[in-house]
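Residue numbers (my numbering): 148 to 593. Note that beta-carbon positions come from the ideal geometry of N, C-alpha and C, so glycine has one too. Just so you know, these numbers come straight off a predicted model, no measurement behind them. Here the structure comes first, spelled out in structure tokens, and everything after it is commentary.
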């Protein structure tokens, strides 16, 4: 509608920072356009009619009657124009009334805010916009509260992260978190042996987006926190291990290249780990001895015991992924932990899982791979590198052959469009060129 052009201009920075604002204006414009189409009974009569199509008799009679009778337009006390139809014919009066009605309708439609002059449809449009804005504010508030409760539980002074890292990065306005989006927060820490830094990413549901919330009814997701410890080169041995719930680990095996190249599904040895939850936590490891050496630590087994004292926290565990060949981001040596987030009031239930992060950093950083196992892991990586190089070479050869074939087809089509004499000369030229290439190859071979 034309009134959209009269909306106040927004600074470009505001529009870039808030996609929700753009979506709100879009919904308002679309809703108002639909209501305007519903309201319009048809084209504005009189505006689209050509002057030649109007009744000539009525126009002629109106002009003659006005000249003859000296019709006057006066103004009443209310400010409305009235016509003194002294001596005018009925056709002339109807023509004047029709033009007045057309002018009134045009003024209502083309007025910047004339679309709000009616009740039910416009109130519905305003209600949709208000509901959208209320949901936006509510969603941002809920997500901020959930993220701040995590920071207050684990990044506060004397918290788990504060005790294990020397430097805690501060976000905006003294907060420990940095807001990346309405539903994404990040936290960074450094200053610990074996690691270059720790990055925590809180991916929450987009509660501020009403369309996303409607999509979650079909495809529900949960609030998660992912902690990535970037290991130093000297502290990270050559290994790839992943444990997690069956659903998450199946998806990771399809998406993570290192799991696909180096690992296989295995079972925890029942003699060494009798309490391992085989049905609830699956294992993908490069070698069974790597998993046994790292996860046979009593502190780890005590935390990952579903019948132990920390069973309440294990329902939030989604995956643990240790790799020296990560393909996500710029860091290749990563310990990645993914946990579901509880409610803000129950954030303390996540403490046993958060304590696994510094524990695993120390276990992996101090782990020394046996010589025979180290040779096997290096051999598997060399084999994978050779396979990747071979696949890349085959892809380049295939692409070159495809280009040659396309070029030959293009030249053939070009010859078919030529005249017979020109075609014969072009074919002779191509034949000579091919003979020269063959001669050069024989010379090089000899």
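A residue is called buried once 16 or more other Cβ atoms fall within 10 Å of its Cβ, and residue 474, having fewer, is exposed. Taken in chain order, the complete alpha helix (DSSP H) segments of 4 or more residues contained in the segment 459–539 are 498–501 and 503–512. Measuring C-alpha to C-alpha distances from residue 359 to each of 374, 286 and 525 identifies 286 as the nearest. If only complete runs of 3 or more residues are kept, the segment 308–375 shows the beta strand (DSSP E) at 325–328, 331–337 and 342–350, in order along the chain. In the DSSP assignment, residue 306 falls outside any beta strand (DSSP E) and carries neither an H nor an E. Only buried fits residue 330, as 16 or more other CB atoms lie within 10 angstroms of its CB. Excluding the 5 residues flanking it on each side, residue 337 has same chain C-beta neighbours closer than 6 Å at 314 and 344, in chain order. In terms of CA proximity to residue 293, 348 leads the group 269, 348 and 339.
Between residue 372 and residue 388, the alpha-carbon positions lie close to 20 Å from each other. In this structure, residue 425 and residue 406 do not form a Cβ contact; the two beta carbons are roughly 19 Å apart against a cut-off of 8 Å. Under the DSSP assignment, residue 427 falls outside any beta strand (DSSP E); it carries neither an H nor an E label. Contact annotation: the segment 492–502 does not touch the segment 376–385, with fewer than three C-beta pairs closer than 8 Å.
Per DSSP, the continuous alpha helix (DSSP H) segment holding residue 295 begins and ends at 267–301.
Beta-bridge partners of residue 391 (DSSP): 429 and 466.
Between residue 368 and residue 428, the C-beta gap is not smaller than 7 Å, which leaves the two residues out of contact. The Cβ-Cβ distance between residue 452 and residue 357 does not fall below 7 Å.
Beta-bridge partners of residue 377 (DSSP): 344 and 481.
Here the alpha carbons of residue 272 and residue 280 stand approximately 13 Å from one another. If you look at residue 413, you'll find it in the beta strand (DSSP E) that goes 411–413. Non-local C-beta neighbours of residue 537 in its own chain, meaning closer than 6 Å and more than five positions away in sequence, are absent.
Closest option to residue 508, judged by alpha-carbon separation, among 576, 483 and 583: 483.
Distance from residue 480 to residue 378 at the Cβ level is roughly 4 Å; contact confirmed, criterion being Cβ atoms closer than 8 Å. Here residue 328 is exposed, its C-beta having fewer than 16 other C-beta atoms within 10 Å. Of 267, 311 and 325, the smallest CA-CA separation from residue 290 is found for 325. Our two residues, residue 505 and residue 444, have alpha carbons roughly 14 Å apart in a direct line. By the Cβ criterion, the segment 407–422 is not in contact with the segment 485–498, since fewer than three pairs of Cβ atoms, one from each stretch, lie closer than 8 Å.
About 16 Å separates the CB atoms of residue 510 and residue 434; that is not less than 8 Å, and the two are not in contact. Apart from sequence neighbours up to five positions away, the residues of its chain that approach residue 455 with a beta-carbon distance below 7 Å are 449, ordered along the chain. For residue 441, the enclosing alpha helix (DSSP H) begins and ends at 435–442. The beta carbon of residue 570 is closer than 6 Å to those of 562 in its chain, skipping five residues each way along the sequence. For residue 399, the three-state secondary structure derived from DSSP is helix.
Taken through DSSP and simplified to helix, strand or coil, residue 421 comes out as coil. Taking residue 403 as reference, the option from 436, 471, 578 and 362 with the minimal CA-CA separation is 471. Take residue 464, set aside five residues on each side of it, and the residues of its chain with a beta-carbon closer than 7 Å to its own are 486 and 500, in chain order.
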